[in-house]
Amino acid sequence: MGYGLKNYGDCSEEVIKACPVEMVLHMIGGKWKGIIIDILSEKSVRFNELKRLIPGITQRMLTLQLRELEADGIVKRVVDDTLSPKLPRFSTF
Numbered sequence: 012m013g014y015g016l017k018n019y020g021d022c023s024e025e026v027i028k029a030c031p032v033e034m035v036l037h038m039i040g041g042k043w044k045g046i047i048i049d050i051l052s053e054k055s056v057r058f059n060e061l062k063r064l065i066p067g068i069t070q071r072m073l074t075l076q077l078r079e080l081e082a083d084g085i086v087k088r089v090v091d092d093t094l095s096p097k098l099p100r101f102s103t104f
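Residues 12 to 104 in this note's numbering are what the sequence shown lists, from first letter to last.
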């Protein structure tokens with residue numbers, strides 16, 4: 012699962028794993044994940060473009076949110092061989 016599974020409010024890890032609704036809310040909950048998923052559902056974008064599209068998000072927070080979404084299987088990092096492999100794109104499945 013994702014990064015913050017152990018400290019999700021008053022719910023234990025077992026409760027979250029046993030309840031699909033809690034699991035989904037944990038995976039997509041938070042201030043930034045909704046807008047990130049919304050943008051990436053429209054098109055795949057590079058990190059800096061995504062950061063420009065989300066006013067107020069810091070580079071650190073965007074990195075953390077993308078890592079969590081990637082760990083939960085919601086977002087994937089796409090490396091395009093025709094462009095610089097150091098600049099991956101992010102997209103939803």
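We put the CB at the ideal spot given by N, CA and C, even for glycine. Because the structure is a prediction, the values reported are computed rather than measured.
Anticipated Cβ contact below 8 Å, residue i with residue j, distance rounded
{"i": "K44", "j": "L75", "result": "About 10 Å; that fails the 8 Å criterion."}
Residues bridged to residue i [DSSP beta-bridge criterion]
{"i": "K62", "result": "According to DSSP, which records beta bridges pairwise, K62 is partnered with nothing at all."}
Outcome for residue i when other beta-carbon atoms lying within 10 angstroms are tallied against a minimum of 16
{"i": "V89", "result": "exposed"}
{"i": "V86", "result": "buried"}
Alpha carbon of residue i to alpha carbon of residue j, nearest angstrom
{"i": "R78", "j": "S23", "result": "22 Å"}
{"i": "E53", "j": "H37", "result": "23 Å"}
{"i": "E25", "j": "R71", "result": "29 Å"}
{"i": "G84", "j": "I48", "result": "12 Å"}
{"i": "I65", "j": "I46", "result": "8 Å"}
Do the stretch 52–66 and the stretch 27–36 make contact, defined as three or more Cβ pairs closer than 8 Å? The stretch 52–66, when compared against the stretch 27–36, does not touch it at the 8 Å Cβ threshold.
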